[in-house]
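S.K.: To start, I am sharing the structure in question, which I have written as structure tokens.
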Amino acid sequence: SDEIAKATYHLDASSLTTLTIRYSPHAIRFIDDKKIRDAFHYYSTWSMPRLYSMKIQNMIPVPFRDSASLRNLDMSISCGLVINQEQFHVQSLVNFFVTCVNLEELTMDLCCINCTGSPLFASLSPSHVNLCRVQKASFSFHHCTRDITISTMNMFRLPTVSDMKLRIWTDY
Numbered sequence: 009s010d011e012i013a014k015a016t017y018h019l020d021a022s023s024l025t026t027l028t029i030r031y032s033p034h035a036i037r038f039i040d041d042k043k044i045r046d047a048f049h050y051y052s053t054w055s056m057p058r059l060y061s062m063k064i065q066n067m068i069p070v071p072f073r074d075s076a077s078l079r080n081l082d083m084s085i086s087c088g089l090v091i092n093q094e095q096f097h098v099q100s101l102v103n104f105f106v107t108c109v110n111l112e113e114l115t116m117d118l119c120c121i122n123c124t125g126s127p128l129f130a131s132l133s134p135s136h137v138n139l140c141r142v143q144k145a146s147f148s149f150h151h152c153t154r155d156i157t158i159s160t161m162n163m164f165r166l167p168t169v170s171d172m173k174l175r176i177w178t179d180y
């Protein structure tokens, strides 16, 4: 990621409308160190004023200058059965989603996330994300803990959603 970040730093991608970024499940992390974060989130320095759609796998995106232009977001996060607190940070999700003010379609697929008892989820209750333009939403929880499912769903306010799918596959 460091080489990609260096090679594409401040990339002018003015015509880019769709961006797909995929990492392995082991790459998920919340990083405070700016240098490492920039390497992992290399796209955040790019100029993408026409970015319409973003598909991401196994990362929580950071807010970036053109995230307000997103209309469609497809996010998939798959982890091992137990992950540590640094790997799945709900406030990072909130921080990103509040910048997606024009989002119209949201797909979120979480798989095998187990953070029961994590203080990161305890702080989620007061943080809500108003996604006032989302008309279509799909949420899938595959073998996630009850806390993950409830906390994630409680995070969103979707006042204009007219088409929603909720899938929960779990053992609890």
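Numbers given in this note's numbering equal positions in the sequence shown, counted from 1, plus 8.
Beta carbons are placed, not taken as given, at the ideal position from N, Cα and C, and that holds for glycine.
(1) Which residue comes first and which comes last in the beta strand (DSSP E) that contains Ala203?
(2) Could you pull out every residue in the same chain whose Cβ sits closer than 7 Å to the Cβ of Leu59, ignoring the five residues on either side in sequence?
(3) Using DSSP bridges, identify the partner residues of Leu118.
(4) Given a cut-off of 8 Å, decide if Met62 and Leu81 are closer than it, judged by their beta-carbon atoms.
(5) Can you tell me whether Thr153 is buried or exposed, with buried defined as 16 or more other CB within 10 angstroms of its CB?
(6) Under 8 Å, do Glu113 and Val137 count as touching if we go by C-beta distance?
(7) I believe Leu139 touches Leu118 by the beta-carbon criterion, under 8 Å. Please report the beta-carbon distance rounded to the nearest angstrom.
(8) Leaving out five residues on either side along the sequence, give the residues of the same chain with a beta carbon under 6 Å from the beta carbon of Asn162.
(9) For the candidate residues Ser52, Ala145, Asn103, whose alpha-carbon lies nearest to that of Pro167?
(10) Under DSSP, the beta strand (DSSP E) around Ile64 begins and ends at which residues?
(11) For Arg103, which of helix, strand or coil comes out of DSSP?
(12) Under 8 Å between the Cβ atoms of Ala149 and Thr178?
(13) Give the straight-line distance between the Cα atoms of Leu128 and Gln99, rounded to the nearest whole angstrom.
(14) Looking at Ser55 and Asp20, is the spacing between their C-beta atoms short of 8 Å?
(15) Let's see if you can read the secondary structure: which residues bound the alpha helix (DSSP H) around Thr26?
(16) Pick from Ser135, Cys120, Met172, Ser170: whose alpha carbon is nearest that of Thr157?
(17) Output the distance between the C-alpha atoms of Phe164 and Gln65, rounded to the nearest integer angstrom.
M.R.: This is what the structure gives:
(1) Since the first residue of the chain shown is 9 and the last is 180, residue 203 is not available in this structure.
(2) The sequence position of residue 59 within the sequence shown is 51, counting from 1. Same-chain partners within the cutoff: Leu24, Thr25, Leu27, Asp74, Ser77, Leu78.
(3) For the purposes of this step, residue 118 is identified with residue 110 of the sequence shown, where counting begins at 1. Ile85, Phe149.
(4) Numbered from 1 along the sequence shown, position 73 holds the residue referred to as residue 81. Numbered from 1 along the sequence shown, position 54 holds the residue referred to as residue 62. Taking 8 Å as the Cβ cut-off, Leu81 and Met62 qualify as a contacting pair.
(5) By one-based count along the sequence shown, residue 153 stands at place 145. By the 10 Å Cβ count, Thr153 comes out buried.
(6) Taking the first residue of the sequence shown as 1, we reach residue 113 at position 105. Taking the first residue of the sequence shown as 1, we reach residue 137 at position 129. Taking 8 Å as the Cβ cut-off, Glu113 and Val137 do not qualify as a contacting pair.
(7) Sequence index remark: in the sequence shown, residue 139 carries index 131 (1-based). Sequence index remark: in the sequence shown, residue 118 carries index 110 (1-based). That pair is no contact at about 17 Å.
(8) As a first step, residue 162 is located in the sequence shown; it is residue number 154 there, counting from the start. So no residue of the chain qualifies.
(9) One-based indexing of the sequence shown puts residue 167 at position 159. Selected option, being the one with the closest Cα: Ala145.
(10) Here residue 64 corresponds to residue number 56 of the sequence shown, with the count starting at 1. 61-65 is the span of the beta strand (DSSP E), which, as asked, contains Ile64.
(11) Position 95 of the sequence shown holds residue 103. The question names Arg, but residue 103 in the sequence shown is Asn. Correct three-state label for Asn103: helix.
(12) Mapped onto the sequence shown, residue 149 falls at position 141. Mapped onto the sequence shown, residue 178 falls at position 170. Reading off the sequence, residue 149 comes out as Phe, not Ala. Closer than 8 Å, so yes.
(13) For the purposes of this step, residue 128 is taken as residue 120 along the sequence shown, with counting starting at 1. For the purposes of this step, residue 99 is taken as residue 91 along the sequence shown, with counting starting at 1. Note that Leu128 scores 46 on pLDDT, short of 50, meaning its location in the model is unreliable and no value can be drawn from it.
(14) As a working mapping, residue 20 is identified with position 12 in the sequence shown. As a working mapping, residue 55 is identified with position 47 in the sequence shown. Yes, these two residues count as a Cβ contact at 8 Å.
(15) The residue you call residue 26 lines up with position 18 of the sequence shown. Looking at the DSSP string, Thr26 is not in any alpha helix (DSSP H); the run it does join, the beta strand (DSSP E), is 26-30.
(16) The residue given as residue 157 occupies position 149 in the sequence shown. Thr157 has its Cα closest to that of Cys120, out of Ser135, Cys120, Met172, Ser170.
(17) Stepping through the sequence shown from its first residue, residue 164 is reached at position 156. Stepping through the sequence shown from its first residue, residue 65 is reached at position 57. If you take the alpha carbons of Phe164 and Gln65, they lie about 20 Å apart.
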